[in-house]
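Worksheet for the structure shown next.
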Amino acid sequence: MNEWSMTGGWQPGVSVGMVGTFPPTECGLATFAAALGDSLRAEGDGCRVGMVEVVDAPRLARDEVVYQVVRGDRRSVGAASSWLNGFDVVVVQHEFGIFGGVDGDEVLGILDGVHRPVVTVLHTVLEQP
-8 MNEWSMTGGW QPGVSVGMVG TFPPTECGLA TFAAALGDSL RAEGDGCRVG
42 MVEVVDAPRL ARDEVVYQVV RGDRRSVGAA SSWLNGFDVV VVQHEFGIFG
92 GVDGDEVLGI LDGVHRPVVT VLHTVLEQP
């Protein structure tokens, strides 16, 4: 497994799996995720980036999307972690209202099965959670 180097940035061949929304969804989180993926691919030699896209129903997806997790579908939520475990690092793009379940708790069902380092980007932090 390749790792972040304290002196040299991303090492060749690092792979990053992201989970959240992704274009064509029109929201700031999706735009941010696409830009982050583009930057990571441009940063390192051979950096592989794949997206596990959170959707209401399956749809045609961009090439970067390796899997679609459907809100409210327990099988799809459980399978998402298997896809994410195929990467060296997992980046969770979190925004309230993105993930299904009570208060978005489906994100916990995804992360329960992830056995990789996880970086979480909190796009909104509630004053009174």
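For what it's worth, the numbering used here labels the leading residue of the sequence shown as -8, then goes sequentially. We put the beta carbon where it would ideally sit given N, CA and C, even for glycine. Bear in mind the structure is a predicted one, so any value in this text is a computation, not a measurement.
Next on the checklist: Taking the straight line between their C-alpha atoms, what separation do you get for Met56 and Pro120?
Outcome noted: The residue you call residue 56 lines up with position 65 of the sequence shown. The residue you call residue 120 lines up with position 129 of the sequence shown. In the sequence as presented, Met is not what sits at residue 56; that position holds Val. The alpha-carbon atoms of Val56 and Pro120 are separated by roughly 31 angstroms.
Next on the checklist: So, under 8 angstroms CB-CB, Gln59 and Val68 are touching, yes? Tell me the CB distance rounded to an integer number of Å.
Outcome noted: Position 68 of the sequence shown, counted from the start, is the residue given in the question as residue 59. Position 77 of the sequence shown, counted from the start, is the residue given in the question as residue 68. 11 angstroms between Cβ atoms; not a contact.
Item to check | In DSSP terms, what Thr111 is bridged to | outcome: Residue mapping note: residue 111 aligns to position 120 of the sequence shown, counting from 1. Answer is Val83.
Checklist entry - If Val82 and Phe90 are in contact, beta carbons under 8 angstroms, what's the gap, nearest whole angstrom? => result Numbered from 1 along the sequence shown, position 91 holds the residue referred to as residue 82. Numbered from 1 along the sequence shown, position 99 holds the residue referred to as residue 90. The Cβ separation is near 14 angstroms, so there is no contact.
Checklist entry - Exposed or buried, what is Leu31 when buried is set at 16 or more other beta-carbons lying within 10 Å of its beta-carbon? => result Position 40 of the sequence shown holds residue 31. Answer is buried; the Cβ neighbour count reaches 16.
Next on the checklist: Is the beta carbon of Thr22 closer than 8 angstroms to that of Pro15?
Outcome noted: Numbered from 1 along the sequence shown, position 24 holds the residue referred to as residue 15. Numbered from 1 along the sequence shown, position 31 holds the residue referred to as residue 22. No, the Cβ-Cβ distance between Pro15 and Thr22 is not below 8 angstroms.
Checklist entry - How many angstroms separate the CA atom of Thr111 from the CA atom of Gly11? => result Counting from one through the sequence shown, the residue named residue 111 turns up at place 120. Counting from one through the sequence shown, the residue named residue 11 turns up at place 20. Distance between the alpha carbons of Thr111 and Gly11: 11 angstroms.
Item to check | 8 angstroms Cβ cutoff met for Met9 and Ala26 | outcome: Within the sequence shown, the letter at position 18 stands for residue 9. Within the sequence shown, the letter at position 35 stands for residue 26. No; because the gap between Cβ atoms is not below 8 angstroms, this pair is not in contact.
Item to check | Cα-Cα separation between Gly4 and His106, rounded to whole angstroms | outcome: By 1-based counting over the sequence shown, the position of residue 4 is 13. By 1-based counting over the sequence shown, the position of residue 106 is 115. Their backbone Cα atoms lie some 19 angstroms apart in a straight line.
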